[in-house]
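To start, the structure itself, in structure tokens.
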Amino acid sequence: MGTTTIEQTPQRVVVVGGHGSLDTLNRLGIEPVGAVTTMLPEYLSDYSEKATHIGSMKEANFEQIFTLQPDVIIAESRMVDAYPTLSQIAPTVMHVVENGSYWEDTKNNWRMLGKIFDKKTEAEQLIEETAAQMAEVREQVQKKGLKTLAVMNNGNNVSMFGEVSRFSVLFDEFGFEPARASDTQNPHGNLISFEFIADAAPDVLFVLDRESAIGQSSGKAQQLFDNPLVKSTPAYKNNRIVFLNPSAWYLTIAGVNATEIMIDDARKAVMSTQ
1 MGTTTIEQTP QRVVVVGGHG SLDTLNRLGI EPVGAVTTML PEYLSDYSEK ATHIGSMKEA
61 NFEQIFTLQP DVIIAESRMV DAYPTLSQIA PTVMHVVENG SYWEDTKNNW RMLGKIFDKK
121 TEAEQLIEET AAQMAEVREQ VQKKGLKTLA VMNNGNNVSM FGEVSRFSVL FDEFGFEPAR
181 ASDTQNPHGN LISFEFIADA APDVLFVLDR ESAIGQSSGK AQQLFDNPLV KSTPAYKNNR
241 IVFLNPSAWY LTIAGVNATE IMIDDARKAV MSTQ
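For the sequence shown, full-length UniProt numbering begins at 1 and goes up steadily by one.
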């Protein structure tokens, strides 16, 4: 996508394709004039009134964005195909996190935003503080040697995700060990059964409810995982089944607050006891 040149600190900012960059801008004290204002986490709910709605997560309203006359557009991964059109409206930068490199990409995104908005010092401080929290959890995880499954349910279907996935931070940064190997890069993971989960016998089971994440319903995860096969696992017996915060792990990826919530979710698995 080439290099984007921004001559001066932007005053009118539009965020498209997700809430991760909105989350970080919020922590840096930057107020976008336009954003996706649906499915916001509670701590960003004010933007439903403060910012102009510019489309859905997957489909930008180009006309509305144009009328806002932005100085810069920050586009998340769902908008990669829209980059050429967005770039015709205003300088556009991509805020993207690849499967398997959550923390490296997240740090790069925070630094990019810090540079664009003359907040380099603040961005580096956030990175330092977050890295310290991650290291603290990692130390506790490695002492326990916890074998882990990370799964997502979409209705009644359950998929497992490995080290090269949206859950890579669990393994790479927090130090959880996979209970079963998976090298798939399928963004939807590998479909598995509850028999598979029982056979894997994870010490920790992380569960993300996709339906809840996208606001379709209150989700079925807790009811779905309340079954004899799951109850046979060490994760259940030792109170180490963690139902992940759906917004942080699915819609607000790479945001500062979202990453802190992810750290708290990982910490729950370490702190849980019999």
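C-beta atoms are modelled at their ideal positions from N, C-alpha and C, and glycine is treated no differently.
This one's a predicted model, so the numbers in the text were calculated from it and none came from an experiment.
Which of the three DSSP states is assigned to alanine 51 in this structure?
Indexing the sequence shown from 1 puts residue 51 at position 51. DSSP places alanine 51 in coil when its eight states are reduced to three.
I need the straight-line Cα distance from residue 278 to phenylalanine 171, nearest angstrom please.
Given that the chain is displayed from residue 1 to residue 274, the structure contains no residue 278 and the question cannot be resolved.
Fully enclosed by the region 139-196, which alpha helix (DSSP H) runs are 4 residues long or longer?
168-172
For glutamine 274, count neighbouring C-beta atoms within 10 Å of its own C-beta (all shown protein chains included) and say buried if the count is 16 or more, exposed if not.
Numbered from its first residue, the sequence shown carries residue 274 at position 274. Residue placement at glutamine 274 cannot be trusted, given a pLDDT of 48 that sits under 50; what the coordinates show is reported in the next sentence. That one is exposed.
Beta bridge counterpart(s) of alanine 75 as assigned by DSSP
Locating residue 75 in the sequence shown gives position 75, counting from the first residue. Per the DSSP secondary-structure output, alanine 75 pairs in a beta bridge with Val16, Met94.
Can you find at least 3 beta carbon pairs, one from the region 84-102 and one from the region 44-54, that sit closer than 8 angstroms?
Between the region 84-102 and the region 44-54, the count of C-beta pairs closer than 8 angstroms stays below three; the two stretches do not touch.
Range of the contiguous alpha helix (DSSP H) that encloses leucine 251:
Residue numbering aside, residue 251 sits at position 251 when the sequence shown is read from its first letter. Per DSSP, leucine 251 belongs to no alpha helix (DSSP H) and is neither H nor E.
According to DSSP, is alanine 35 helix, strand or coil?
Along the sequence shown, read from residue 1 onward, the residue named residue 35 stands at position 35. Strand.
Terminal residues of the beta strand (DSSP E) in which phenylalanine 243 lies
The residue labelled residue 243 in the question sits at position 243 within the sequence shown. Phenylalanine 243 -> beta strand (DSSP E) spans 241-243.
Assign aspartate 46 to one of three DSSP states: helix, strand, or coil.
Counting from one through the sequence shown, the residue named residue 46 turns up at place 46. Looking at aspartate 46 - three-state DSSP - the assignment turns out to be coil, as it is neither helix nor strand.
Taking DSSP as the reference, what is the three-state secondary structure of alanine 201?
Reading the sequence shown from its first residue, position 201 is the one you call residue 201. Alanine 201: coil per DSSP, three-state reduction.
What is the rounded straight-line gap between the Cα of alanine 191 and the Cα of lysine 115?
The count along the sequence shown starts at 1 and reaches residue 191 at position 191. The count along the sequence shown starts at 1 and reaches residue 115 at position 115. For the record, residue 191 in the displayed sequence is leucine; it is not alanine. If I take the Cα positions, the gap works out to 41 angstroms.
Just to check my reading of the structure: valine 36 and valine 16 have Cβ atoms closer than 8 angstroms, yes? What is that Cβ distance to the nearest angstrom?
Here the question's residue 36 lines up with position 36 in the sequence shown. Here the question's residue 16 lines up with position 16 in the sequence shown. Going by Cβ atoms, the distance from valine 36 to valine 16 rounds to 7 angstroms, so yes, they are a contact pair.
Do valine 13 and proline 84 come within 8 angstroms of each other at the CB atom, strictly closer than that value?
The residue you call residue 84 lines up with position 84 of the sequence shown. The residue you call residue 13 lines up with position 13 of the sequence shown. No, they are not a contact pair.
Less than 6 angstroms between C-beta atoms, sequence neighbours within five positions excluded: which residues of the same chain meet that for lysine 119?
Against the sequence shown, residue 119 aligns to sequence position 119. Once the five neighbours on either side are set aside, the close Cβ partners of lysine 119 are Leu28.
Reference residue 276; option with closest CA among Ala248, Gly20, Ala269:
Because the chain spans 1 through 274 in this model, residue 276 falls outside it and cannot be assessed.
For leucine 68, which beta-bridge partners are listed by DSSP?
Counted from its first residue, the sequence shown places residue 68 at position 68. None; leucine 68 has no bridge partner.
Here's the rule: buried if 16 or more other CB atoms are within 10 angstroms of the residue's CB, otherwise exposed. What is aspartate 226?
Taking the first residue of the sequence shown as 1, we reach residue 226 at position 226. With fewer than 16 other Cβ atoms within 10 Å, it is exposed.
Pull up the DSSP beta-bridge partners for valine 207, would you.
In the sequence shown, counting from the first residue as 1, residue 207 sits at position 207. Val151, Phe243.
Does the region 129-148 come close enough to the region 258-268 that 3 or more CB-CB pairs lie under 8 angstroms?
A contact between stretches requires three or more CB pairs, one per stretch, nearer than 8 angstroms, and the region 258-268 meets this requirement with the region 129-148.
Tell me the DSSP bridge mates of alanine 60?
Taking the first residue of the sequence shown as 1, we reach residue 60 at position 60. Answer is Gly55, bridged to alanine 60.
Give the DSSP-derived three-state secondary structure of serine 87 in the structure shown.
As a working mapping, residue 87 is identified with position 87 in the sequence shown. Residue state, collapsed to three classes: helix.
Excluding the five sequence neighbours on either side, which residues of its own chain have a C-beta within less than 7 angstroms of the C-beta of asparagine 43, listed in chain order?
In the sequence shown, counting from the first residue as 1, residue 43 sits at position 43. As written in the sequence, residue 43 is tyrosine, which differs from the asparagine given in the question. For tyrosine 43, where only same-chain residues beyond five positions count, the Cβ hits under 7 angstroms are Asn257.
Where do the N-terminal and C-terminal ends of the alpha helix (DSSP H) with valine 230 fall, by residue?
Within the sequence shown, residue 230 is the residue found at index 230, counting from 1. Start and end: 228-231.
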